[in-house]
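Going by the numbering used here, the sequence shown opens with residue 1, and the numbers climb by one from there.
The beta carbon of each residue, even a glycine, is placed where N, CA and C say it ideally should be.
Heads up: the structure comes next, in structure tokens.
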Amino acid sequence: MKQKLIVLLLWGFILFGLIVGYQMKGNYEVNKMLSHMKCKYGEEFTHVESYGGQPGKPYITMLVERKANPSQVALVRVRSYNGRRYYEDNFLAYLLMDELEEKVLALAEKSFGKCKLYYKIPVFVFPGEFGADMSAEDFLKNPYAMAQFYIYPKSASRDKESWEKKMQSFINRNAGEGYQIRGTLSLPATEDNYEMIQKDNFAESDYLGYETFGELVFSMDQEGKTRYVRWINR
Numbered sequence: 001m002k003q004k005l006i007v008l009l010l011w012g013f014i015l016f017g018l019i020v021g022y023q024m025k026g027n028y029e030v031n032k033m034l035s036h037m038k039c040k041y042g043e044e045f046t047h048v049e050s051y052g053g054q055p056g057k058p059y060i061t062m063l064v065e066r067k068a069n070p071s072q073v074a075l076v077r078v079r080s081y082n083g084r085r086y087y088e089d090n091f092l093a094y095l096l097m098d099e100l101e102e103k104v105l106a107l108a109e110k111s112f113g114k115c116k117l118y119y120k121i122p123v124f125v126f127p128g129e130f131g132a133d134m135s136a137e138d139f140l141k142n143p144y145a146m147a148q149f150y151i152y153p154k155s156a157s158r159d160k161e162s163w164e165k166k167m168q169s170f171i172n173r174n175a176g177e178g179y180q181i182r183g184t185l186s187l188p189a190t191e192d193n194y195e196m197i198q199k200d201n202f203a204e205s206d207y208l209g210y211e212t213f214g215e216l217v218f219s220m221d222q223e224g225k226t227r228y229v230r231w232i233n234r
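What follows is the structure, given as structure tokens:
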């Protein structure tokens, strides 16, 4: 009985040591990643939580929030390869968002008329070479940015063939600028539905009672050509 108790105590100490060691390693990684973000962007971030299932993976990913604007939650990842550590994140998307929307909206309105256009913050990290000083122009031209936009025209036209032609015009305009983008052209069923969509709710439109008479999804390839344009059912 005494021997069993000693064995249990030993296993308890071992388990406690493993837990403490794991926590210390986790805190070290969190601090290193926060330090990287501060060094790269020149401002403070706070740790939110780990992201995704990662046990056994050669990387660690976590969510951080910008202290100056806690609504901006970014992904940060550190991965190991050939004995080196590489840091990647997607915070640049927040820094460039307004300028990205401005540039692509100018092209969209030439093809679709008055419309609303919103950039979707990605749920993946950008390669390490995406520096804090990267321009919106270079971002839109980089295939690894995979810039995604949601477009809502005000026009009430229900001629789908006409919208397909306008979409091709829009793609051609982007190709002329060297941009490589993808996204969705959502055609509101009524003007009320158009007015319903705003910057803070477009990503949750399915839950707002928003109705559309058609949505055209598109993607461009690395040569700026059309990869696909197709109608989808909501």
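Helix, strand or coil for Ile248, going by three-state DSSP, please let me know.
-> The requested residue 248 is not part of the displayed model; the chain covers only 1 to 234.
Exercise for the section: Could you tell me the distance, in whole angstroms, from the CA atom of Ala132 to the CA atom of Ser155? Expected result: 38 Å
* **Closest Cα partner of Gly176 within the set Leu107, Leu75 and Ile232** => Leu107
Is it true that the CB of Glu65 sits closer than 8 Å to the CB of Val48?
-> yes
May I ask you to check if the CB of Ser162 is nearer than 7 Å to at least one heavy atom of the ligand GTP? The ligand content of the structure shown is nil, which means the ligand GTP is not present either.
Minimum C-alpha distance to Val73 - residue among Asn172, Ile60, Phe45 and Met97: Phe45
Inset, instruction - Have a look at Glu204 and Thr190 and give me their C-alpha separation to the nearest angstrom. - result: 18 Å
Can you tell me the Cα-Cα spacing of Ile19 and Asn27, whole angstroms? In this prediction, Ile19 has a pLDDT of 36, which is less than 50 and means its spatial position is unreliable; what the coordinates show is noted afterwards. Approximately 12 Å between the Cα atoms of the pair.
Does the stretch 121–130 come within contact of the stretch 78–97, defined as at least 3 CB pairs closer than 8 Å?
Enough Cβ pairs lie closer than 8 Å, so yes.
> Between which two residues does the beta strand (DSSP E) harbouring Gly183 extend?
Replying inline: Per DSSP, Gly183 belongs to the beta strand (DSSP E) from Ile181 to Pro188.
Segment contact flag, the stretch 164–176 with the stretch 224–234, C-beta cutoff 8 Å, min 3 pairs: yes
Between the Cα of Met37 and those of Gln198, Leu140 and Glu88, spot the shortest distance and give me the residue it belongs to. Nearest of Gln198, Leu140 and Glu88 to Met37, Cα basis: Glu88.
Whole-angstrom distance between Glu43 and Leu117, CA atom to CA atom: Distance between the alpha carbons of Leu117 and Glu43 is about 29 Å.
Notebook entry, point to check: In whole angstroms, what is the alpha-carbon distance linking Met196 and Ile151?
Noted result: 13 Å
What is the C-beta distance between Leu100 and Phe126, in whole angstroms, given that I count them as a contact (C-beta under 8 Å)?
-> With 8 Å as the limit, Leu100 and Phe126 do not qualify as a contact, their Cβ atoms being about 13 Å apart.
| Gly214, DSSP secondary structure in three states | Look at Gly214 here: in three-state DSSP terms it is strand.
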